[in-house]
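Notes to accompany the following structure.
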Amino acid sequence: MPIREAETNFVNLPEKEQEEIRDEIAQKPPQQETDPATLHNKTRHVPLIARGVATRPSFMQALQEWEGYVTAISDETFTALLIDVTAGSSTEEEEVELLLDDLSQGDLELLKLGAIFRWVIGYLRDPNGSKRRVSQIVFRRLPAWTKMDLLSARQRAQDLKSALVWED
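The numbering used here numbers the first residue of the sequence shown as 24 and each following residue consecutively.
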C-alpha cells in the first residue's frame with residue numbers, strides 16, 4: 024500500500040516551516056511498499072548473490088585398508104574377519120571387534136552375518152586444505168560374485184553362443 028500522508032507531528036518547529044515541509048512531502052510521488060507479502064503479482068527485484076569459487080572435492084588418502092566380512096553381531100559391537108588390502112594379502116589374517124556406533128545409518132541397515140565391508144584408516148583432505156585422520160567403514164552395496172556365480176555365467180554365455188545360428 025502506498026504511503027500517502029505526511030507525518031503531522033513536528034517537534035518545536037515554527038508554523039511556517041511545518042507548512043513548507045508538508046508541501047514538499049505532498050509534491051513527492053508516493054513510495055511503494057516493499058513488503059513481499061503485499062507485492063502480489065508484481066515483479067520482485069532479487070539481489071545478486073556473489074557466485075561461489077569452484078573448490079576441489081574432499082578426498083581420502085588411505086594409510087591402511089582392510090576388507091572383511093561380519094561373523095557375529097551383538098548389541099553394541101560386531102565381529103569380523105579381515106584381509107589386509109594394503110599389504111596385498113589374500114588370506115584372512117585378523118579378527119576384530121568394531122563398534123556399531125562407528126557405522127553410518129545407511130551402513131547400519133546393511134549389517135548382517137556375512138556382509139562384506141571395507142575399513143579404511145587415512146587422512147580426509149578438505150577443499151580448504153585441512154586434513155583429519157579418519158576411520159571409515161563402508162559396507163558393500165552390491166553382492167559379491169562367487170567363483171560359482173562366475174562359472175555359471177560363463178557357462179550360460181557359452182550355451183547362448185552355441186545356440187546362435189549365423190546366416191550368410
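Just so you know, even glycine gets a beta-carbon here, dropped at the ideal spot from N, CA and C.
With which residues is Thr169 paired in a DSSP beta bridge?
For the purposes of this step, residue 169 is identified with residue 146 of the sequence shown, where counting begins at 1. DSSP lists no partner for Thr169.
Asp125 to Leu147 span [Cα, whole Å]
For the purposes of this step, residue 125 is identified with residue 102 of the sequence shown, where counting begins at 1. For the purposes of this step, residue 147 is identified with residue 124 of the sequence shown, where counting begins at 1. Taking the straight line joining both Cα atoms gives about 16 Å.
When you compare only the Cα positions, how much space is there between Gly137 and Trp189?
Reading the sequence shown from its first residue, position 114 is the one you call residue 137. Reading the sequence shown from its first residue, position 166 is the one you call residue 189. About 45 Å.
Bridge partners - Thr114, DSSP secondary structure assignment
Taking the sequence shown and counting its residues from 1, one reaches residue 114 at position 91. Per DSSP, none; premise fails for Thr114.
Report yes if the CB atom of Val157 is closer than 7 Å to the CB atom of Arg141, and no otherwise.
Looking up residue 157 in the sequence shown gives position 134. Looking up residue 141 in the sequence shown gives position 118. Taking 7 Å as the Cβ cut-off, Val157 and Arg141 do not qualify as a contacting pair.
Quick one: measure Cβ to Cβ for Ile139 and Arg163, integer angstroms, because I've assumed they're closer than 8 Å.
On the sequence shown, position 116 is the one that residue 139 refers to. On the sequence shown, position 140 is the one that residue 163 refers to. Rounded, the Cβ-Cβ distance is 4 Å, consistent with contact.
Gly129 lies in the beta strand (DSSP E); which residues open and close that run?
Stepping through the sequence shown from its first residue, residue 129 is reached at position 106. Run containing Gly129: none in the beta strand (DSSP E); it sits in the alpha helix (DSSP H), Gln128 to Leu131.
Below 8 Å on the Cβ atoms is my contact criterion, and I expect Leu104 with Thr94 to pass it. Report the Cβ-Cβ distance as a whole number of Å.
For the purposes of this step, residue 104 is taken as residue 81 along the sequence shown, with counting starting at 1. For the purposes of this step, residue 94 is taken as residue 71 along the sequence shown, with counting starting at 1. Confirmed, about 6 Å.
Pull up the distance between the alpha-carbon of Asp182 and that of Glu117, whole angstroms please.
Position 159 of the sequence shown, counted from the start, is the residue given in the question as residue 182. Position 94 of the sequence shown, counted from the start, is the residue given in the question as residue 117. So the two alpha carbons sit approximately 41 Å from each other.
Cut-off 6 Å between Cβ atoms - residues of its own chain near Glu30, not counting five sequence neighbours on either side
Within the sequence shown, the letter at position 7 stands for residue 30. Low confidence applies to Glu30: its pLDDT is 45, below 50, so where it sits in the model is not reliable enough to give any reading.
Is the beta carbon of Glu120 sitting closer than 7 Å to the one on Thr102?
Mapped onto the sequence shown, residue 120 falls at position 97. Mapped onto the sequence shown, residue 102 falls at position 79. Yes.
With C-beta atoms as the reference, is Gly145 less than 7 Å away from Gln84?
The residue given as residue 145 occupies position 122 in the sequence shown. The residue given as residue 84 occupies position 61 in the sequence shown. Contact: yes.
Please report how far the alpha carbon of Asp191 lies from the alpha carbon of Lys170, in whole angstroms.
Against the sequence shown, residue 191 aligns to sequence position 168. Against the sequence shown, residue 170 aligns to sequence position 147. So the two alpha carbons sit approximately 37 Å from each other.
Alpha carbon to alpha carbon, how far is Asp149 from Ser81? Give it in angstroms, no decimals.
Here residue 81 corresponds to residue number 58 of the sequence shown, with the count starting at 1. Here residue 149 corresponds to residue number 126 of the sequence shown, with the count starting at 1. Cα to Cα, Ser81 sits roughly 5 Å from Asp149.
Looking at the structure shown, is Leu183 part of a helix, part of a strand, or coil, going by DSSP?
Here residue 183 refers to the residue found at position 160 when the sequence shown is read from its first residue. The answer is helix: DSSP assigns Leu183 an H, G or I state.
Have a look at Arg45 and Glu38 and give me their C-alpha separation to the nearest angstrom.
Against the sequence shown, residue 45 aligns to sequence position 22. Against the sequence shown, residue 38 aligns to sequence position 15. Cα to Cα, the separation comes out at about 11 Å.
Close-in-space but distant-in-sequence residues of the same chain around Leu173 (CB under 8 Å, 5 per side omitted):
Mapped onto the sequence shown, residue 173 falls at position 150. Excluding sequence neighbours, Leu173 sits near nothing in its chain.
Same chain, Cβ closer than 7 Å to Tyr92, neighbours up to 5 away in sequence not counted:
Residue 92 sits at position 69 when you count from the first residue of the sequence shown. Within the same chain, Tyr92 has close Cβ partners Ala103, Leu104, Gly137, Ala138 and Ile139.
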